[in-house]
Structures are given as structure tokens and as C-alpha cells.
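As C-alpha cells, the structure follows; a few thoughts come after it.
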Amino acid sequence: MSLSSFLEFWKNPVPHAQQDPVKSLYNAYVRTAQELAARKAKGILFLVPGKDSRGRWIPVYDEGKINDVAALSGEIEQTAAKLKSISNDIEEVQTLAGGHYMLELQREHEQLIHSVQLAESVASAMMRRAINARGRTTQPLRPEEFATRPEIVEAYAKADLHKAESAPKIEEMAGRLEKIRAILEKYA
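Residue 193 is where the sequence shown starts when you use our numbering, and the numbers rise one by one after that.
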């Protein structure tokens with residue numbers, strides 16, 4: 193992913209990305225790029241015609257405005273550095289998010305957490321059903337026997353396996369989201 197594709201995407205974002213916090217990066221980039229262009233344009237105002245050592249006409253800075261030109265040059269350098277910093281942040285956010293916006297990563301993270309919770313809920317629901325059905329059997333089970341029933345053991349094993357397989361990915365996604373949010377704080 194490149195800076196140009198990021199800027200093109202955010203120029204006319206898809207409707208579901210309109211509220212994405214990453215848009216603040218786009219706004220900061222556009223604002224800073226406009227500021228840099230305005231400062232560069234202001235520099236032209238200080239140019240006057242002059243002659244070089246061979247007698248040719250060239251644009252030179254007005255000698256009475258050298259201090260103003262120096263101050264403007266400093267402002268241009270600072271704004272260009274700020275624009276470069278924003279560009280670097282855009283590239284880092286795109287790498288972390290795996291795309292132009294973070295809502296997709298956040299949605300995947302929440303879905304993974306939900307799938308783990310759902311697997312745990314299924315196992316506990318099976319246990320509750322078995323306990324509730326206890327009174328309807330001819331020979332009721334003792335509470336400790338419920339935990340050893342094959343279908344309940346299998347449901348809890350599946351839930352534990354899914355949780356163990358998902359935990360590293362959940363942590364990795366949470367870390368990426370945290371880094372993205374830390375970057376975006378600068379532009380809020």
C-alpha cells in the first residue's frame with residue numbers, strides 16, 4: 193500500500209469507512225500539504241528580477257527581505273518535515289491495519305473474541321441442559337457426573353482449543369489496534 197493509494201481512497205471513502213478514526217490522518221495530511229503549498233507560494237512574493245554574473249536576468253530574493261525569506265524558509269522546512277512525519281505515520285497505520293482504515297481490523301478482532309465467547313457459551317449451555325434434564329431421567333446423575341459426560345467434555349475441550357488457538361491472534365490484533373490508536377492520538 194502506498195501513500196498515493198491511501199490519499200485516493202480517502203478522497204472518496206466507502207460509506208462504511210466514513211467514521212473511521214484513520215480519516216484524521218488524511219485530514220492532517222491534506223491540511224499540511226495545503227499549508228506547505230501556501231508557504232511556498234508566499235516565497236514567490238519575495239522574488240525580484242536581478243542579473244547573474246554573466247548579465248542574464250534571473251529571479252533573486254529582494255535584499256531588503258532577506259530576514260523574511262530566512263524565516264519563511266524555516267517555516268517551509270518545518271512544514272515539509274511535518275508532512276513527511278504524517279506520511280510515515282500513514283504508511284505505518286496502513287501496515288498495522290492491513291489496509292486504508294482500521295475498522296476492518298477492529299471488526300475482525302471483535303468477531304474473534306465473540307467466537308471464543310460463543311464456544312464457551314455453547315459448552316456451558318450443554319452443562320445447564322444436562323443439569324435441567326437430570327430430574328426427568330429415571331436415574332438422576334450426581335453433579336460431579338455431569339462434568340464427565342462425553343458431550344460436555346467434548347464441548348469444553350472444543351471451547352478450550354478454540355480459545356488457545358485464538359488467543360495469540362487476539363493479542364496480536366489488540367497490539368496492532370493499540371499502536372494505531374497511539375499514532376492517531378497525535379491527530380485527534
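Cβ coordinates follow ideal geometry from the N, Cα and C atoms, glycine included. Small disclaimer: the values here were computed from a predicted structure and weren't measured.
Nearest-angstrom Cα separation, counted from residue j out to residue i
i	j	result
Lys371	Glu363	12 Å
Ala290	Lys243	As written in the sequence, residue 290 is Gly, which differs from the Ala given in the question. Whole-angstrom Cα-Cα distance: 54 Å.
Ser313	Gly367	26 Å
His292	Glu357	27 Å
Ala230	Asp352	59 Å
Tyr221	Ala317	51 Å
Glu296	Ser196	20 Å
Val252	Ser194	37 Å
Lys274	Thr287	20 Å
Lys378	Glu346	48 Å
Leu369	Lys203	23 Å
Ala380	Val206	21 Å
Lys350	Arg321	18 Å
Leu199	Ser279	10 Å
Asp254	Ala262	12 Å
His208	Val285	18 Å
Gln303	Glu337	34 Å
Gly247	Glu269	31 Å
Residue(s) in a DSSP beta bridge with residue i
i	result
Gly242	Ile250
Start-to-end residues for the alpha helix (DSSP H) that takes in residue i
i	result
Asn219	Lys215 to Ile236
Asn280	Ile258 to Ala289
Arg153	The chain is shown from 193 up to 380; residue 153 falls before or after that span and cannot be answered.
Ser197	Leu195 to Lys203
Proximity winner among the options, relative to residue i (alpha-carbon distances)
i	options	result
Ser277	Ala233, Leu217, Gly242 and Ala339	Leu217
His306	Tyr348, Glu200, Asn280 and His354	His354
Leu239	Ser245, Arg246, Ala230 and Ile250	Ile250
Glu267	Lys350, Glu227 and Met193	Glu227
Gly235	Thr224, Ser265, Val206 and Ala225	Ser265
Gln298	Asp212, Lys203, Glu200 and Phe198	Asp212
Ile344	Ile323, Glu283, Ala359 and Met319	Met319
Thr224	Glu200, Ile323, Ala262 and Thr271	Thr271
Residue-level contact to chain D via CB, residue i, 7 Å cutoff
i	result
Asp254	In the displayed structure, chain D is absent; only one protein chain is listed.
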